[in-house]
Amino acid sequence: FFSAPPPPRPFRVRTNETEVKANAMIVATGADSRWLGVPGEYEHRGGGVSSCATCDGFLFADQDVVVIGGGDTAMEDALVLARTSKTVTVIHRRDKFRASKVLAERVLSHEKIKVVWDTEVVEFVGKRVRVMPNGLTVEIGEDGKPVLEDFSKLRVKEVQKRLDAAGISYAGVKDKEALVKILTDAYKDAAKAGSGEDDAVVTVEEKSILSKIKLKNKKTGDESLLACTAAFVAIGHDPNTKFVKGQVDMDANGYIKVLAGTTRTSVDGLFAAGDVADHVYRQAVTSAGTGAMAALDAERWLSEQGHCGAAAA
């Protein structure tokens, strides 16, 4: 519960456990990503399913990734991912984008981006893997045994990149066959350690990571599987502002309006920082910046009102 009575006041915030009164208040409750709510989505968050391409895209360099959505955020995510990913597939449930024309055209003309129209994601499908301390991941088959990849199919640079990522030394080795053997042996050791066959005490994590998404064509009803290592859900955000609804000016999407260049809201003494007032950037660093601004704005306002000291806030 939140109350902003007319001056003189304090503001009042009541939670399940306590009630707080203050002469000035900063709203910094953030915004939640919208999710599809389909099977496998929650289970694979942090294991290939994400809502932030800017945050997590680099983790999937040179891999096949998916973006779900058709608005500006989805277009921006696809373009960001195309810089580092092997391929980007945009899944959209309609036959045209609702994004701006400029962004849509950039996506449609990009050689690394493919668009699948009139299609929705109905399930996220994963595979069990064993994650070693050095980052090596070994797939676990249905029989519970490790499934080793055939690294001989990789290019030399890809083998070297895998070795570098795991911190495995191959100094002076240039022959592909020798490099593949080093990588294969490392994976065999990882599989052995994780299975308990090795006497060494090794911290091993087992989890499910995304490997495919199940798609359904909305016009035909046909279902198919698309292989990918990451899927970025870009269908919008919901600011956590319901508790102040009707008491402070907001835009049509529920974001708190602030005076340009400040964190001041339509209510004197009430300030907003972070994603509750930002539908564009939504980054930790920008939220931290507006948080500092809000603290300074609130301190200045309290001083102007004759409230001095930390106890006045």
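If you're matching positions, the sequence shown starts at 1 in full-length UniProt numbering and goes up one per residue. For glycine and all other residues, C-beta sits at the position ideal for the given N, C-alpha and C. In this text the structure is predicted, and so the values were computed from the model without any measurement.
* Same chain, Cβ closer than 7 Å to Ser-208, neighbours up to 5 away in sequence not counted -> Glu-43, His-44, Gly-47, Gly-126, Lys-127, Arg-128
Run of the alpha helix (DSSP H) containing Val-159, from where it starts to where it stops
156-165
Specify the secondary structure class of Thr-262 as computed by DSSP and reduced to three states.
coil
- Message: For Asp-77, tell me which candidate among Ala-53, His-92, Arg-98 has the shortest Cα-Cα distance.
- Response: Measuring from the Cα of Asp-77, the nearest candidate turns out to be Ala-53.
ask   = In its own chain, which residues sit with a C-beta less than 8 Å from the C-beta of Leu-136, not counting the 5 before and 5 after it?
value = Ala-166, Ala-186, Tyr-187, Ala-190
Could you give the DSSP three-state label for Gly-36: helix, strand or coil?
-> Reading off the sequence shown, one finds Leu at residue 36, where the question assumed Gly. Note: Leu-36 maps to coil in three-state DSSP.
Where do the N-terminal and C-terminal ends of the beta strand (DSSP E) with Lys-212 fall, by residue? 205-217
Just tell me which of Val-66, Thr-263, Asp-72 has its CA closest to the CA of Val-116.
Val-66
Closer than 8 Å by C-beta to Asp-199: which residues in its own chain qualify, once you throw out the five before and the five after it? Chain order, please. The predicted model places Asp-199 with a pLDDT of 47, which falls under 50 and marks its position as unreliable; any figure quoted below should be read in that light. Excluding positions up to five away in sequence, the list is empty.
Three-state class that DSSP yields for Leu-226 in the structure shown: strand
- Query: Just the Cα atoms here: how many angstroms apart are Ile-140 and Arg-106?
  - Reply: 40 Å
| said: Among Ala-298, Ala-104, Ala-252, whose alpha-carbon lies nearest the alpha-carbon of Val-267? | reply: Ala-298
_C-beta atoms of Asp-251 and His-279 nearer than 9 Å_ = Closer than 9 Å, so yes.
Worksheet item: If you measure from the beta carbon of Ile-209 to each beta carbon in chain D, is any gap under 9 Å?
Response: Among the chains of the structure shown, chain D does not appear; only one protein chain is present.
Taking its Cβ as the centre, do 16 or more other Cβ atoms sit within 10 Å of Val-201, making it buried, or is it exposed?
Note that Val-201 scores a pLDDT of 44, beneath 50, so its modelled location is shaky; the value from the coordinates is reported in the next line. It counts as exposed.
List the whole-angstrom C-beta distance separating Thr-263 from Ala-294, where the pair is believed to meet the contact cut-off of C-beta under 8 Å. 4 Å
Quiz item: According to the Cβ coordinates, are Lys-176 and Val-156 closer than 9 Å?
Solution: yes
query = Arg-9 bridges to which residues according to DSSP?
reply = According to DSSP, which records beta bridges pairwise, Arg-9 is partnered with nothing at all.
Take Glu-111 as the anchor and find which of Asp-95, Glu-123, Ser-211, Thr-89 has the nearest alpha-carbon. Thr-89
For residue 319, the residue or residues it bridges with in DSSP:
Because the chain spans 1 through 313 in this model, residue 319 falls outside it and cannot be assessed.
Just to confirm the assignment, what range does the beta strand (DSSP E) spanning Asp-251 have? Here Asp-251 belongs to no beta strand (DSSP E), and DSSP marks it neither H nor E.
Take the Cβ of Thr-73 as the centre, count every other Cβ of all protein chains shown within 10 Å, and call the residue buried at 16 or more, exposed below.
buried
Helix, strand or coil at Ala-31 [DSSP, three-state]: Strand, per DSSP.
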